[in-house]
Each structure stands twice: as C-alpha cells, then as structure tokens.
DNA sequence: TAACTGTATTAACCGTACTAGTACAGTCAG
DNA sequence: CTGACTGTACTAGTACGGTTAATACAGTTA
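Put into structure tokens, the structure is as follows:
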C-alpha cells in the first residue's frame, strides 16, 4: 500500500503523507473509505505509531482525511477546498516546467503529459 | 539575489541551490558568468561559508556550475546533459498534476500554464 | 467485558544541518 | 614578488528535529 525509502532524506511521516495523498487523489481510496488504523499501519511498516499519527494529523489538517476517535480515519469526500495548497502546487509546477524547458524538454512533450494525466 | 527562509524546514544549502538553479535556468545568470565567491555570498547572506560551499558543491555535481580553484565559480554553458534530473522532474510534475486535477484545476488551465512558461 | 479505535504526553536517542576556526594551494593585479 | 583574492578541506562543537519507546485515557463496537 505504501512504501518507505529510508535512504530518502525526507522524513518518514512526509513520505506516508505523500503516499496516502496520492492514493486519495488518484481515486484508489474512495470517499469515506477507511484507512488502516494508526497501530495497524505502524505494524505493517514496522515503525512507531506516533509517526503514523503525525502523518494522519497533518493530512487531517489539509482536509484530505478525517478522523473519528474510537472509529478510525477515513478519506475525505472532497479536499478541493484547500485554495492555499492549490496555489502552492501551481507555483511548484511553474518552477519545474521552467527547469524542464531549460533541460531541453519540448513544449509538446509537456502538453502531452498534461493530457495523459487527465486521460 | 537570493533570499533565505529560516522558517522553511528545508536546509539553507538546498534553498541556495534552488535559488541559483533558478537564476541559471531562467537565464538571469548567463553561461560562464561568475557567481559570487563562497565568502562573499556567505557574508551577504550572513551565514557560514561552509554552507555556501556545500551548495556550490552539489550544483557542480549536477552540472549547473563549475568551479575553478583560485578563480571562482561560474554558471555552466549547458546543463541539459543531466538525464537523471530530467526524469526526476518529469515524475514530480506528473504527481503534482494529478493532485491539481483532484483539487479541481482544469486541464485547460494547466495547458495554459505550459504555454505561458514557454512564451 | 474485551478488543479495537484515535489522541496525548513525556523522555530519550540520534542523525545532520549549521557554525566556528583553521589551513593550504592556485590565481591575479599591483 | 607580494598581498588579496579564489576554491577546497578538515575538525570540533552546537542545536534542532525526526523517530522511538512506554504509557495513559476516552470513545466505539461486537
């Protein structure tokens, strides 16, 4: 479900955040679908439950999931309300595109990439 | 020339790397143009020269600049040879696009962004 | 009741970013 | 040649944050 890369300098909880966010935005995790419990995912990944909780906490702050004490954590129906993150991501994409252009990637190739993602 | 954000969790040397990389790929720093010396930039940013050196080191490893002992550091003529970085960036863009789609950004809007970068 | 859920708190360990200080060799203008 | 610049290298110390560990508590549910 999620893979960790210990060689990556990025913290584990961020890798988990990204992994879950990806599952949600790609539709692999449907709305109101139950996520693994904090302890279960910790056991599966062989890491501390606190690290999982931290990832869940931040994802809840971003609106991607919601947690109910005693019941569990679930994928949010719609996280599209996060305008700040949208602008942040657009800024990142803009910088990456500029560098890719410099690296010789054609406009056509990038346009195709956009089409592919929306296909 | 370069601004640091101490609230950012990312290391200073990475922020410097990104700043210089941006100056290079946007053409603000032309080919073989001289970069500030390790000590000069360190003084300007009020940080330790070692941190600057680390950033320069990594940028040289990526081919974005080259350094000559005794002379200085300079922007590379062509950094397009870095195929690994190209693929890395393309992967990142793909993930960002998927999330932006989920956040409600239209395909047209992203296609326009590509056009704008290449304008 | 028992086993699950999320949540909270505290202490400790450890990697690493960063600083500080120093040193050496190459370059270049005076 | 001299002196001031350049990049480079190394060591030592500090500080911060990620991660683990061990508990504890309250809500949920079969």
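Chains as they are written, first to last, in the numbering used here: chain A, 1 to 119; chain B, 120 to 238.
Each residue gets a CB set at the ideal place from its N, CA and C atoms; glycine is no exception.
Remember, it's a predicted structure, so these values are computed and weren't measured experimentally.
Please give me, in chain order, every unbroken run of the alpha helix (DSSP H) with length at least 4 that falls completely inside the region 135–162 of chain B.
Listed in chain order, nothing qualifies, since the region 135–162 of chain B has no complete alpha helix (DSSP H) run of 4 or more residues.
Residues from the region 133–162 of chain B in contact with chain A, defined by Cβ distance under 9 Å
Those would be 137, 140, 141, 143, 144, 145 and 146, in chain order.
Cα separation between residue 18 of chain A and residue 54 of chain A?
The count along the first chain starts at 1 and reaches residue 18 of chain A at position 18. The count along the first chain starts at 1 and reaches residue 54 of chain A at position 54. Going from the Cα of residue 18 of chain A to the Cα of residue 54 of chain A covers about 13 Å.
My understanding is that residue 127 of chain B touches residue 193 of chain B, with C-beta atoms under 8 Å, so please give their C-beta distance in whole angstroms.
For the purposes of this step, residue 127 of chain B is taken as the residue at position 8 of the second chain. For the purposes of this step, residue 193 of chain B is taken as the residue at position 74 of the second chain. The pair is not a contact, with the Cβ atoms about 27 Å apart (cut-off 8 Å).
Give a yes or no on contact between the region 101–110 of chain A and the region 204–212 of chain B, applying the rule of three or more CB pairs nearer than 8 Å.
Touching, per the Cβ criterion.
Own chain partners of residue 154 of chain B with C-beta closer than 6 Å, once the 5 adjacent residues on each side are dropped:
Here the question's residue 154 of chain B lines up with position 35 in the second chain. Result list for residue 154 of chain B: 192, in chain order.
If we cut at 8 Å on Cβ distances, does residue 226 of chain B have a partner in chain A?
Translated into positions along the second chain, residue 226 of chain B becomes position 107. Judged by the 8 Å Cβ criterion, residue 226 of chain B is in contact with chain A.
Are the C-beta atoms of residue 82 of chain A and some chain B residue less than 8 Å apart?
Here residue 82 of chain A is taken as the residue at index 82 of the first chain, counted from 1. Yes, residue 82 of chain A lies at the interface with chain B (some Cβ there is under 8 Å from its Cβ).
Would residue 221 of chain B count as contacting chain A if we go by Cβ distances under 8 Å?
Along the second chain, read from residue 1 onward, the residue named residue 221 of chain B stands at position 102. Contact of residue 221 of chain B with chain A is assigned, a C-beta pair being separated by under 8 Å.
By DSSP's criteria, residue 194 of chain B is part of a beta bridge. Which residues make up the other side?
In the second chain, residue 194 of chain B corresponds to position 75, counting from 1. Looking at the DSSP assignment, residue 194 of chain B forms a beta bridge with B:184.
Per-residue burial, residue 26 of chain A [other beta carbons within 10 Å of its own, 16 or more giving buried]:
Position 26 of the first chain, counted from the start, is the residue given in the question as residue 26 of chain A. Exposed is the label assigned to residue 26 of chain A, since fewer than 16 other Cβ atoms lie within 10 Å of its Cβ.
Quick check: the Cα distance between residue 196 of chain B and residue 95 of chain A, rounded to an integer number of angstroms?
Indexing the second chain from 1 puts residue 196 of chain B at position 77. Indexing the first chain from 1 puts residue 95 of chain A at position 95. Looking at the two C-alpha atoms, the distance is approximately 20 Å.
So which residues on chain A does residue 123 of chain B lean against when the C-beta distance must stay under 8 Å?
One-based indexing of the second chain puts residue 123 of chain B at position 4. Near residue 123 of chain B there are no residues of chain A at all, since even the closest Cβ is about 17 Å away, more than 8 Å.
Kindly give me the distance between the Cβ atoms of residue 164 of chain B and residue 123 of chain B, rounded to whole angstroms, as I take these residues to be in contact under 8 Å.
Residue numbering aside, residue 164 of chain B sits at position 45 when the second chain is read from its first letter. Residue numbering aside, residue 123 of chain B sits at position 4 when the second chain is read from its first letter. Contact flag correct, Cβ pair sits at about 6 Å.
Is there a C-beta anywhere in chain A that falls below 8 Å from the one on residue 190 of chain B?
Position 71 of the second chain holds residue 190 of chain B. No, its Cβ sits nowhere closer than 8 Å to a Cβ of chain A.
Inspect the beta-carbon positions of residue 117 of chain A and residue 232 of chain B and report whether they are closer than 8 Å.
As a first step, residue 117 of chain A must be located in the first chain, where it is residue number 117. As a first step, residue 232 of chain B must be located in the second chain, where it is residue number 113. Going by C-beta atoms, residue 117 of chain A is not nearer than 8 Å to residue 232 of chain B.
Does any CB atom of chain B fall closer than 8 Å to the CB of residue 113 of chain A?
Here residue 113 of chain A is taken as the residue at index 113 of the first chain, counted from 1. Yes, contact with chain B.
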